[in-house]
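So the structure is just underneath, and the comments pick up after that.
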Amino acid sequence: TYVVTENCIKCKYMDCVEVCPVDCFYVGAETLVINPDECIDCGVCEPECPAEAIKPDTEPGMEGWIAFNAKYAALWPNVTEKGDTPEDAKEWDGKPGKLEAVFG
Ligand code: SF4
Ligand code: F3S
């Protein structure tokens with residue numbers, strides 16, 4: 002499966018939801034996640050993310066993000082259409098410490 006990682010937080014460009022063939026993205030106030038039970042591992046979303054926030058879960062160090070995506074996919078609503086990107090998305094793009102700042 003693929004996972005959404007830290008750089009999505011507060012960037013939320015949402016190009017990813019438009020290309021997913023199985024509509025497996027879920028949306029919170031500050032970020033999106035992928036439902037690991039629904040993702041078919043096609044990989045088309047990965048290059049679409051302007052923030053390069055989508056990674057295969059086989060990359061090293063993804064354990065925390067695998068758990069994060071699974072947890073919030075069960076709590077947040079499904080999303081299939083691109084919404085408004087936050088006005089300050091560019092300022093947050095690439096900032097370290099976003100997970101800590103937003104999810105404590
Ligand atoms: Fe959707 Fe494919 Fe991305 Fe999985 S890898 S979230 S199925 S676009
Ligand atoms: Fe987030 Fe990238 Fe999608 S910033 S909302 S994973 S396009």
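When we follow UniProt numbering, the leftmost residue of the sequence shown carries the number 2, and every step to the right adds one.
Yeah, the Cβ is synthetic: ideal placement off N, Cα and C, and Gly gets one too.
- In the DSSP assignment, Val4 falls within the beta strand (DSSP E) that extends over 3–5.
- DSSP places Leu76 in the coil class of the three-state scheme, outside both helix and strand.
- For Lys91, the uninterrupted alpha helix (DSSP H) segment begins and ends at 90–93.
- In terms of Cα proximity to Cys21, the closest of Pro37, Glu7, Glu31 is Pro37.
- Comparing C-alpha distances from Asp24 to each of Glu101, Ala74, Pro48 shows the shortest one belongs to Ala74.
- Proximity of the region 9–17 to the region 82–94 meets the contact definition, three or more beta-carbon pairs being nearer than 8 Å.
- Where Lys56 is concerned, the enclosing beta strand (DSSP E) starts and stops at 55–57.
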